[in-house]
Amino acid sequence: MPLEHVRIEGFRGVRSLALPLDATTALIGENNAGKTSVLDALSLGFGAAPLGAPHLRREDFHVPPEPGASPVAAAAITFSFREPDRGAFDEEGWAALGKTASTADAAGLRKLSVRLSASLPAPGEMSEARWELLDAWGNPRTPTPTGEAVELLRRRFPVLRLRPGQPSAGLTPFTRATDVRPAPPEDTVRNLERLVGTAYRKIATTWRPLPAELESAMTAVRELARRYEEGFSALHAAPPGRTFESIAETPVRLGARSPLLPGLPGAGMGVQNVALLAALGSFLEARGDSPLPAGAEPVVVIEDPESRLHPILLASVWRVIDRIPAQKVVTTNSGDLLATVPLHSLRRLVRKASGVEAWRVGEKALTPDEARRIAFHVRMNRASAFFARCWVLVEGETESWILPELARLLGYDFPAEGIRCVEFAQCGVAPLVKLARELGIEWHLLADGDPAGHSYAEAARRLLDARPEADRLTALRAPDLEHCLFACGYAPVFRKAAAEAGPLPDARKGRERPRRVIEQALHRYPKPRMALEVVEAAAGPGSPGVPRILASLVETAVRLARGSSS
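Under our numbering, the sequence shown has 1699 at position 504, and the numbering climbs by one with no breaks.
See below:
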């Protein structure tokens, strides 16, 4: 993990952001959260561009959201690197890094921070950015020995921006192989790489099967694998077995426990072959014509890989990318892909008035048992909940059906508001609330009025964190949701269902027991069906409307969700 931290100030969509990075970091957030600006910042500083300081346009400077605001006066991006291994900065060819790095930390690894900054240019002009080496306190070094160290950093840790399934323009499926300028005959590796790149672009932009192109491309992939044996070693070997902690951290593994290269068929449009070609082709395209220097440790950046790939192909492509021995930064809106990344490597970006906040799950935020529960109940089965603004924690399926429908009757759309009902009965209240707090997701719990509901409510009260109880908890006075609806004017719905099952209980005695009517109604229809019957009645003429306690819950959830995105 060479690049351990990035700080962005006044660049494009980001007013300010402090972002810690891991070996693999997944960025999630809404469209305006600044994910693309983060990738642009990485590419600007360390992407495949001419060496030296880049130039920034006026459009690269952040414009505050206030009406009539002007761009900020300055932009700055700070990159903080950590020595991959002890002595790595002193290796032959990289010694200038060792001379300028800070003192070693407790693990014996040194750090090196550089800042790229620029001042706002006049309209129509460009501003040349400047590099600065920083000391341990973030101040420019005096004198600043910038040039050689920065260029070495850019060569040692280049950013490669992969776009699987999105080749650059200029080559179509109808382009002939002879139309692509070959490298000199003696440069076998360059010719192999160009063959792979050509096939990748053609296959990614056509609807027609191209078995001949795929066969020749896979032959080239195998030959490249033989020549780049060290870099391709991860594709030859089967991934290692997994421990309990590993499974809880990354509950989903896309792809089988088998090598990727041996035994591939020479022809055919097999998904694994296409995945290998897409991954390697996009890698070569991101790298450009210049090969990486010996000892380089690239940072692979991937933006929304699911946007152009079917989930099956995405699984295979990510299986290849995940095995590449490089640091990775990926943005995604795919719950399946999110479940393959360690929980502690997620970064949820949220835009606030003061800047963009990066929320993460702390190393000790969850116990191993809580992490296991989260892995199964959320990451494997409700992964899209990570993209919500607010969780409404409910006991079961009935509440998950009825609350969004009641919200619609009140004029709110849960999905559009970023509100997600999450069932807690099997997972438990505490793990879900802890996870929501760590990721900056708002939450509100609906508890029944029975003994179990009382225990859930008490668990929520212990986790309020100084917030008003009304923001976090709705406790029904009735034993359950059915009794609440019965008492709030929907008794006729339950009586009708109960009558379909047989004579109404206690009808001859002239008195009605709600519990017995509800029980008989639930013998006729399951709870979710009864909930939808109530929703239908609520939308009809003469309806008693949405029960006040549930309307208050909906309005609270909407307020929390809207407040989290302000």
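Here a beta-carbon is modelled for each residue, glycine too, at the ideal position from N, C-alpha and C.
- Taking 8 Å as the cut-off, the beta carbon of leucine 1627 is found no closer than this to the beta carbon of tryptophan 1596.
- The Cβ atoms of isoleucine 1636 and alanine 1583 lie closer than 8 Å to each other.
- Here DSSP, grouped into helix, strand and coil, assigns valine 1345 to helix.
- For aspartate 1517, the number of other beta carbons within 10 angstroms of its own is at least 16, and it is reported as buried.
- Residues Leu1641, Leu1748 of the same chain have their beta carbon placed closer than 6 Å to that of threonine 1669, with the five preceding and five following residues left out of the count.
- Taking arginine 1281 as the centre and dropping the five residues before and after it, the same chain places the C-beta of Gly1303 closer than 6 Å to its C-beta, in chain order.
- Excluding sequence positions up to five before and after proline 1506, its CB lies within less than 7 Å of the CB of Asp1531, all in the same chain and listed in chain order.
- Of all alpha-carbon atoms in Arg1672, Ile1713, Arg1708, Gly1490, the one lying nearest the alpha-carbon of phenylalanine 1689 is that of Ile1713.
- Contact between alanine 1580 and valine 1617 holds: their C-beta atoms lie close to 5 Å from each other, under 8 Å.
- In the structure shown, tryptophan 1289 falls within a coil segment according to DSSP collapsed to helix, strand and coil.
- With fewer than 16 other Cβ atoms from the protein chains shown falling within 10 Å of its own Cβ, glycine 1606 counts as exposed.
- Taking the Cα of arginine 1202 as reference, the smallest distance to any Cα among Leu1504, Ala1553, Pro1249 is reached at Ala1553.
- In the DSSP assignment, lysine 1523 falls outside any alpha helix (DSSP H) and lies within the beta strand (DSSP E) extending over 1522–1526.
- Distances from the CA of glycine 1735 to each of Glu1287, Ala1578, Leu1601 were compared; the closest alpha carbon is that of Leu1601.
- By the C-beta density criterion, threonine 1220 is buried, having at least 16 other C-beta atoms within 10 angstroms.
- The Cβ-Cβ distance between valine 1309 and leucine 1237 does not fall below 8 Å.
- Contact annotation, lysine 1722 with threonine 1593: C-beta distance approximately 4 Å; criterion of less than 8 Å satisfied.
- DSSP, reduced to helix, strand and coil, places phenylalanine 1241 within a helical segment of the structure shown.
- Take the alpha-carbon of glutamate 1327 and the one of leucine 1315: they are about 18 Å apart.
- Per DSSP, tryptophan 1596 is one residue of the alpha helix (DSSP H) stretching across 1592–1604.
- In this model, glycine 1263 and histidine 1639 are separated by some 37 Å (Cα to Cα).
- For the beta strand (DSSP E) assignment, the uninterrupted runs of no fewer than 3 residues enclosed by the stretch 1201–1259 are, from N- to C-terminal side, 1209–1215, 1219–1224, 1250–1252.
- Of the residues assessed, glutamate 1750 falls on the exposed side of the cut-off, its CB having fewer than 16 other CB atoms within 10 angstroms.
- Leucine 1544 is positioned such that its CB atom lies closer than 8 Å to that of glycine 1229.
- Here the C-alpha atom of alanine 1673 lies approximately 14 Å from the C-alpha atom of glycine 1684.
- For valine 1551 against valine 1209, the beta-carbon gap comes to about 5 Å, under 8 Å, which counts as contact.
- The shortest C-alpha to C-alpha distance from phenylalanine 1609 to any of Leu1634, His1678, Asp1645, Val1753 is the one to Val1753.
- For histidine 1718, the enclosing alpha helix (DSSP H) stretches over residues 1709–1719.
- Contact between serine 1312 and alanine 1271 holds: their C-beta atoms lie close to 4 Å from each other, under 8 Å.
- Contact annotation, proline 1249 with alanine 1324: C-beta distance approximately 5 Å; criterion of less than 8 Å satisfied.
- The C-beta distance from glutamate 1633 to valine 1556 rounds to 4 Å, short enough to fall under 8 Å.
- Per the coordinates, the alpha-carbon of arginine 1503 lies some 21 Å from the alpha-carbon of isoleucine 1519.
- Pairing arginine 1710 with alanine 1746, the inter-Cα distance amounts to about 24 Å.
- Proline 1260 places its beta carbon 8 Å or farther from that of glutamate 1492.
- Short of 6 Å from the beta carbon of arginine 1568, and not among the five residues preceding or following it, lie these beta carbons of its own chain, in chain order: Cys1622, Pro1626.
- With a cutoff of 8 Å on beta-carbon distance, alanine 1692 and tyrosine 1720 are scored as near each other.
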